[in-house]
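Below is one structure, written out as structure tokens; comments come after it.
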Amino acid sequence: MKIIDGKAVAATVLLECQQEIAELLEKGIQPGLAVVLVGEDPASQVYVASKVKTCAELGMHSKKIVMPATSTQAELLDVVQQLNNDPTIHGILVQSPPPPQINEEEIINAIDPRKDVDGFHPQNVAKLVLEDPSGFVPCTPAGAMRLLAAAGIDTNGAEAVVLGRSMIVGKPMALLLMAKNANATVTVAHSRSRDLPALCRRADILIAAVGRPEMVKADWVKEGAVVIDVGINRIADPSKKSGFRLTGDVAYDEVASRCSAITPVPGGVGPMTIAMLMKNTLQAARQINGL
Ligand code: GUN
Numbered sequence: 002m003k004i005i006d007g008k009a010v011a012a013t014v015l016l017e018c019q020q021e022i023a024e025l026l027e028k029g030i031q032p033g034l035a036v037v038l039v040g041e042d043p044a045s046q047v048y049v050a051s052k053v054k055t056c057a058e059l060g061m062h063s064k065k066i067v068m069p070a071t072s073t074q075a076e077l078l079d080v081v082q083q084l085n086n087d088p089t090i091h092g093i094l095v096q097s098p099p100p101p102q103i104n105e106e107e108i109i110n111a112i113d114p115r116k117d118v119d120g121f122h123p124q125n126v127a128k129l130v131l132e133d134p135s136g137f138v139p140c141t142p143a144g145a146m147r148l149l150a151a152a153g154i155d156t157n158g159a160e161a162v163v164l165g166r167s168m169i170v171g172k173p174m175a176l177l178l179m180a181k182n183a184n185a186t187v188t189v190a191h192s193r194s195r196d197l198p199a200l201c202r203r204a205d206i207l208i209a210a211v212g213r214p215e216m217v218k219a220d221w222v223k224e225g226a227v228v229i230d231v232g233i234n235r236i237a238d239p240s241k242k243s244g245f246r247l248t249g250d251v252a253y254d255e256v257a258s259r260c261s262a263i264t265p266v267p268g269g270v271g272p273m274t275i276a277m278l279m280k281n282t283l284q285a286a287r288q289i290n291g292l
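According to the working numbering, numbering within the sequence shown proceeds without interruption in unit steps and concludes at 292.
Written as structure tokens, this is what we have:
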């Protein structure tokens, strides 16, 4: 059984980014990312801080905009509009989930699709469906695909099961796996699917992205399968100083021994999401500058 080291693969991706950034800087272009956080969700605060820190380490420009949890739709739309018009910013990310008074769909639609480094804007969703490489691929599924490639896993003709149908992970993951450069046979399973364990047992490649801690048990996994765990769940653990520990959507301890390869949580898909966000921001900086 092979443990796929997301930190190591992410480090490789960030090294590629460094090279690209040097080339852009030579042309007088400093790639810039704006991250908008509305409210005080502790997990979101950690993710946003990590994104901004990675920008700084790479010598990219970044802007962190923190807005109160009581912010209105109009106030957030105004911030997005300013970032759309800011020539120092090539990528815009509004951290999800926003507070309940915010209509997220309208916010996503307001982001300039050329700066939509999350790949959530309908124009970028369409480009993913059309396999048009000028679009932005959502960072987490892009990272999961890169992990499969780095681990030497051949997706061609494989049975892939994606557990979860979210706009952020499940749906784009399914599209990436069935695309002509991957050629997997894809099943998308979700909370209403009949007999989830049996569906998951079909998988040569199982992608768990439901956000339910340790839902995937040993008897859901075929012997020799590859398991990519996208879940990052906080569960109470009084023995930790923080009072919680992180766990995936897969019951790692019982599943790992059945797999040919598995991603751990933390240290699997998580670090890849940020690395792919940096890649997307560089793609935006290139494309906006006609490169
Ligand atoms: N929340 C969890 N994952 C993501 C992501 O990839 N992008 C944004 N904007 N919010 C998230």
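For each residue, glycine too, the CB sits at the ideal point set by N, CA and C.
What you are looking at is a predicted structure, and each value in this text was computed from that prediction instead of being measured.
Given a cut-off of 7 Å on the beta-carbon distance, is the pair Ile5 and Leu148 in contact? In the sequence shown, the residue the question calls residue 5 occupies position 4. In the sequence shown, the residue the question calls residue 148 occupies position 147. Yes, the Cβ-Cβ distance between Ile5 and Leu148 is below 7 Å.
Residue span of the beta strand (DSSP E) that contains Gly92, given as start and end: Within the sequence shown, the letter at position 91 stands for residue 92. That run of the beta strand (DSSP E) goes Gly92 to Val95.
Runs of beta strand (DSSP E) wholly within the segment 134-180 (minimum 3 residues, chain order): 160-164
Three-state class that DSSP yields for Gly33 in the structure shown: On the sequence shown, position 32 is the one that residue 33 refers to. Strand, per DSSP.
Element boundaries [beta strand (DSSP E), containing Gln186]: Locating residue 186 in the sequence shown gives position 185, counting from the first residue. Strictly speaking, residue 186 in this sequence is Thr, with Gln absent from that position. Segment Thr186 to Ala190, the beta strand (DSSP E) holding Thr186.
May I have a chain-ordered list of the alpha helix (DSSP H) segments no shorter than 4 residues that lie completely inside the segment 232-270? 253-256
On a CA-only basis, which of Met179, Val170 and Arg193 is nearest Ser97? Give me that one, please. Translated into the one-based positions of the sequence shown, residue 97 becomes position 96. The shortest C-alpha separation from Ser97 is found at Val170.
Going along the chain, which unbroken runs of the beta strand (DSSP E) with 3 or more residues stay wholly within the segment 53-90? 62-68
CA nearest to the CA of Val130, picked from Ile208, Ser167, Ile103 and Met174: Counting from one through the sequence shown, the residue named residue 130 turns up at place 129. Comparing Cα-Cα distances from Val130 to each of Ile208, Ser167, Ile103 and Met174, the minimum goes to Met174.
Beta-ladder partner(s) of Ala209, from DSSP: Here residue 209 is taken as the residue at index 208 of the sequence shown, counted from 1. In DSSP, Ala209 forms a bridge with Leu164 and Asp230.
Is it buried or exposed for Gly158, if we count other Cβ within 10 angstroms and need 16 for buried? Position 157 of the sequence shown, counting from 1, holds the residue named residue 158. Exposed.
Buried versus exposed call for Gln1 [16 or more other C-beta atoms within 10 Å across all chains shown]: Any answer about residue 1 is impossible in this case: the structure gives the chain only from 2 up to 292.
Close beta carbons around Glu105, own chain, < 6 Å, minus the five adjacent residues each side: On the sequence shown, position 104 is the one that residue 105 refers to. Result list for Glu105: Pro99, in chain order.
Could you check if Asp117 belongs to the surroundings of ligand 1, using beta carbon to heavy atom distance under 6 Å? The residue you call residue 117 lines up with position 116 of the sequence shown. Asp117: no, Cβ never under 6 Å from ligand 1.
Check whether the segment 69-80 and the segment 248-264 touch, using three or more Cβ-Cβ pairs below 8 Å as the test. no
In the DSSP assignment, what residue or residues form a beta bridge with Leu38? Counting from 1 along the sequence shown, the entry for residue 38 is found at position 37. Per DSSP, Val67.
Cys140 Cβ short of 6 Å to ligand 1 heavy atom set: Here residue 140 is taken as the residue at index 139 of the sequence shown, counted from 1. Indeed, a heavy atom of ligand 1 lies less than 6 Å from the Cβ.
Between which two residues does the alpha helix (DSSP H) containing Leu197 stretch? Taking the sequence shown and counting its residues from 1, one reaches residue 197 at position 196. Residues Leu197 to Arg202.
With hydrogens ignored, establish whether the beta-carbon of Ser243 is closer than 6 Å to any heavy atom of ligand 1. Mapped onto the sequence shown, residue 243 falls at position 242. No, the Cβ of Ser243 stays beyond 6 Å of every heavy atom of ligand 1.
How close, in whole Å, do the beta carbons of Gly92 and Asn281 come, if the pair is a contact with beta carbons under 8 Å? Taking the first residue of the sequence shown as 1, we reach residue 92 at position 91. Taking the first residue of the sequence shown as 1, we reach residue 281 at position 280. Yes, Gly92 and Asn281 are in contact; Cβ-Cβ is about 6 Å, under 8 Å.
Taking the DSSP output, what are the residues bridged to Ile4? Locating residue 4 in the sequence shown gives position 3, where the first residue counts as 1. DSSP lists Ile263 as partners of Ile4.
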